[in-house]
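Accompanying notes for the structure given below.
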Amino acid sequence: MKILSANAIRKVDAYTIEHEPVSDYGLMQRAAGALTEWLLERIPSGTHVVVLAGSGNNGGDALVAARLLMLSGFSVSTYCCHHQVTVSPTCIIAKDALLAIPDADCKEVAGRDFFPRIESTDWVIDGLFGSGLNRPLQGLAVDCVQLVNRSGATVVAIDVPSGLPTDGDFVVDPELCIHATYTLTFQLPKLSFLFAEHELLTGEWSVLDIGLNRNAIENAETSFHMITHDDAAALLHQRAKFAHKGHFGHALMIGGSRGKIGAVVLASRACLHSGVGLLSVHLPQGGELVLHTAVPEAMVEADQNEKYVTHVEISGKHNAVGIGCGLGTHPQTAKALEDILTRAICPMVIDADALNLIATHPELKSLLSANTIVTPHPVEFDRLAGKSSSGAERLENARQWAVDHQCVVVLKGAYTAVINALGEVWFNSTGNPGMATAGSGDVLTGILLALLAQDYDPFDAARLGVYLHGLAGDLASNATSQEFLTAGVLIDFLGSAFKKMQKE
Ligand SMILES: NC(=O)C1=CN([C@@H]2O[C@H](COP(=O)(O)OP(=O)(O)OC[C@H]3O[C@@H](n4cnc5c(N)ncnc54)[C@H](O)[C@@H]3O)[C@@H](O)[C@H]2O)[C@@H](O)CC1
Ligand SMILES: Nc1ncnc2c1ncn2[C@@H]1O[C@H](COP(=O)(O)OP(=O)(O)O)[C@@H](O)[C@H]1O
Ligand SMILES: [K+]
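When we follow full-length UniProt numbering, the leftmost residue of the sequence shown carries the number 1, and every step to the right adds one.
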């Protein structure tokens, strides 16, 4: 699923109006119709609704919704905050249609004295600004936003919470933006909804289909996508009837240090449960018995050192290497990492402490082979690339890093971003906060290693892997709870996640 910029959406909008039997106002009615349908299923009957309409088409949507809610029997008070001298022609049509209803309550807000009174039991429909916002809010709009935010009312933002830039192209002061309970956005998700700092502003968001032209969407250029179930399912390889374990690769997992053997155990278990043919694990000698006991399916290559990894034999027998889980950052481990990066010729996934070592030994970056997968969480990424002051800035830095190092960057989070060496970004759509628990990143590394060993293209492996990982988390939390989720439980649900991806 594409994520389009405000500008691209405007073009799709215009194309739809030009090529389909629908006018500007017709499209607005469709949008407001979808919105009202959503609202009617949720607003308790008898609720007083306050509608705030700006002077653009977002305001027009709000005015059409106000009319539809009135016709459905709701008590609706509408306030027009015309922050511009020119009001959009479609917005004027919508307003005239509202005023044509007997008893329509529609007031102009000419200053603070005209502001509505908002009760905490009210529902507010925010149609002040949508995708046309091009700068931070000022003046009366700010006062209006703050009135809404302090009211305690349930707030439904149309398309985008007013004050939030659709593409995340400027940093928003939360005081200058609507804090929506729900955001109902049209047709496609918006980039700025995917940054952690905007959760307070968007609340729970969902996408409403308003039937914009499919061809126009297909032809629109963008670097941003969301991974859907169908996208991920299409990447899954089918297994041949006569396949044997040699067809599914021999992976080498390198990790663990004293006190952190569990990380490599989790990653190894996840790898074995993700279809790998053979798995060898290289870990400090002290962890050998633990690994044999916890993961009997794996072969163990113990390091000469008891507590940390110091030297790994890299041979041609391995199809993929994973390194980093619980690895520690001992100087001798840094040397071993340098040696591995120099000699390994197969695809690699690099996580956790291996990334921390690269951050403290930047000369190692030049040893990364093309299409290596790196899986930093935001703090690890900032160590690698320098601090970012916002989610949007970190995403841009990660794109640049992927291009500069010709790597696949998996920037982990609630909407994990998988970025290829061209700077194209695919955001994951599965997963939940139950996965914010120790070791869930190790599970991801195990999955990715298994897919690489099975000869998946690294960018495909990363997209499929993050989707499966999040899906396992969703299935686990639905069957138990987010609180109950541990990395081990996540592995237990990997089987069901793969099953959901297979063709019926
Ligand atoms: N694209 C679509 O698919 C559809 C869009 N519709 C609605 O149209 C909206 C976009 O409408 P518009 O392009 O008219 O834009 P808006 O209604 O978002 O904004 C109106 C105008 O305000 C001005 N403005 C921007 N930032 C400002 C600021 N900080 N202070 C004061 N003025 C500012 C701009 O000149 C902008 O054009 C969408 O968000 C959506 O709600 C729907 O009506 C129909 C379908
Ligand atoms: N709120 C969340 N929603 C969805 N996924 C999440 C959330 N929090 C964490 N995750 C996922 O869990 C994993 C955590 O990885 P990481 O921080 O490396 O954990 P650890 O170091 O404990 O193994 C990532 O894949 C991340 O995307
Ligand atoms: K809005």
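The C-beta atom is built at its ideal place from N, Cα and C for all residues, glycine as well. Computed from a prediction, not measured in an experiment: that's the story for all the values here.
Give me the residue from the options with the minimum Cα distance to residue i.
i, options, result
"A65", "V51, A243, T86", "V51"
"G322", "N219, P458, G287, E218", "P458"
"N478", "G446, A438, V443, G434", "G434"
"residue 533", "L278, E380, Q238", "Within the shown structure, residues of the chain are numbered from 1 to 504, placing residue 533 beyond reach of any answer."
"F186", "L201, V379, P161, A294", "P161"
"L200", "Q84, D143, F498, T183", "T183"
"I178", "S192, L283, L128, V207", "L128"
"N420", "A270, E41, S23, N371", "N371"
"G275", "D474, E119, L452", "L452"
"P331", "K307, P347, D351, A320", "K307"
"A220", "K107, G495, A6", "A6"
"G262", "E108, C325, E297, Y467", "C325"
"G386", "T360, S366, L367, V374", "T360"
"P284", "L133, L327, F242", "L327"
"G259", "K241, L355, V290", "V290"
"S77", "A240, D231, I101, F484", "I101"
"A450", "G473, M253, W205", "M253"
"A302", "N319, K11, G286", "G286"
"V309", "T293, E338, H292", "E338"
"L4", "D105, A157, L188, P165", "L188"
"T90", "A232, M501, L490, G59", "G59"
"V300", "A334, K2, T329, V264", "V264"
"A251", "A497, G441, L448, K499", "L448"
"G56", "S88, M28, Q29", "S88"
How many angstroms separate the CA atom of residue i from the CA atom of residue j?
i, j, result
"V349", "A180", "39 Å"
"P21", "Y15", "11 Å"
"V409", "A461", "12 Å"
"L364", "H198", "35 Å"
"L68", "I210", "16 Å"
"L35", "L357", "50 Å"
"A487", "A476", "10 Å"
"Q406", "S223", "16 Å"
"I125", "K503", "42 Å"
"F74", "L40", "10 Å"
"T416", "P136", "27 Å"
"D492", "I17", "49 Å"
"A31", "L208", "8 Å"
"S281", "S268", "According to the sequence as given, residue 281 is Val; it is not Ser. Roughly 7 Å between the two C-alpha positions."
"Q400", "L98", "49 Å"
"G26", "V172", "32 Å"
"P44", "V374", "48 Å"
"Q138", "G54", "13 Å"
"D167", "L212", "19 Å"
"S369", "G431", "29 Å"
"L367", "G465", "24 Å"
"V142", "L176", "6 Å"
"A104", "S72", "13 Å"
"M1", "R214", "12 Å"
According to DSSP, simplified to helix, strand and coil, what is residue i?
i, result
"D61", "helix"
"A436", "coil"
"S369", "coil"
"F129", "coil"
"E204", "strand"
"T183", "strand"
"L283", "strand"
"T222", "coil"
"A53", "strand"
"C106", "strand"
"Y415", "coil"
"L99", "helix"
"Y308", "coil"
"K503", "coil"
"C177", "coil"
"A421", "coil"
"A157", "strand"
"E2", "Glu is not the amino acid found at residue 2; the sequence shown has Lys there. In the structure shown, K2 sits in a strand (DSSP, three-state: E or B)."
"F74", "coil"
"F484", "coil"
Does at least one heavy atom of ligand 5 sit under 7 Å from the Cβ of residue i?
i, result
"L468", "Ligand 5 is not part of the structure shown, which contains ligand 1, ligand 2 and ligand 3 as its ligands."
Between the stretch 142-156 and the stretch 98-116, can you find at least three pairs of beta-carbon atoms closer than 8 Å? They touch, by the three-pair rule.
Margin query: Taking 8 Å as the cut-off, does the stretch 309-316 touch the stretch 328-348 (at least 3 CB pairs, one atom from each stretch)?
Written below: yes
Report yes or no: do three or more beta-carbon pairs, one from the stretch 405-423 and one from the stretch 377-391, lie closer than 8 Å? By the Cβ rule, the stretch 405-423 counts as touching the stretch 377-391, because three or more pairs are nearer than 8 Å.
Closer than 8 Å is the cut-off here; do at least three beta carbon pairs connect the stretch 435-445 with the stretch 390-402? Taking 8 Å as the limit for Cβ pairs, the verdict is that the stretch 390-402 does not touch the stretch 435-445.
On the three-pair Cβ rule with 8 Å, is the stretch 84-95 touching the stretch 45-64? yes
Is the stretch 221-237 touching the stretch 38-50 in the sense that three or more CB pairs, one from each, lie closer than 8 Å? no
*asked:* For a minimum of 3 consecutive residues, which ranges assigned as the beta strand (DSSP E) are wholly contained in the stretch 246-291?
replied: 250-254, 278-283
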